[in-house]
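Chemist:
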Amino acid sequence: MPKQKTHKGTAKRVRVTGSGKLMREQANNQHKFEHKSSRRKRRLDSDQVISPADTRNLKKLLGL
1 MPKQKTHKGT AKRVRVTGSG KLMREQANNQ HKFEHKSSRR KRRLDSDQVI
51 SPADTRNLKK LLGL
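So for the sequence shown, the UniProt record's numbering puts the first residue at 1; every next one is plus one.
#1: Can you pull the DSSP bridge partners for L22?
#2: Under a Cβ-count criterion, where at least 16 other Cβ atoms within 10 Å of its own Cβ denotes burial, should L64 be classed as buried or exposed?
#3: If you follow the alpha helix (DSSP H) that S37 is in, where does it begin and where does it stop?
#4: Near N29, which residues of its chain fall below 8 Å by C-beta distance, leaving aside the five closest residues on each side in sequence?
#5: Using CA atoms only, rank isn't needed, just tell me which of K3, D54 and L22 is closest to K12.
#6: According to the neighbour-count rule (16 or more other Cβ atoms, all chains shown, within 10 Å of its Cβ), is V14 buried or exposed?
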């Protein structure tokens, strides 16, 4: 029987916490920082918990 493969694109973008939640990086946090305020940059720096609606599909892609 073939094994389930991990979706590598998802694995690079998502990490799993110790309690099993999925975390992701914020968008708009790669370049052009000179146009963004310090407050906005600090806010974008924190990771976000992925919504429960998306968690089920993402766990399937990650093989969890």
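The beta carbon of each residue, even a glycine, is placed where N, CA and C say it ideally should be.
Modeler: So, from the listed chains and residues:
#1: V16
#2: Flag for L64 reads exposed.
#3: Looking at the DSSP string, S37 is not in any alpha helix (DSSP H), and its letter there is neither H nor E.
#4: These residues qualify, in order along the chain: K41, L44 and D45.
#5: L22
#6: With 16 or more other Cβ atoms within 10 Å, it is buried.
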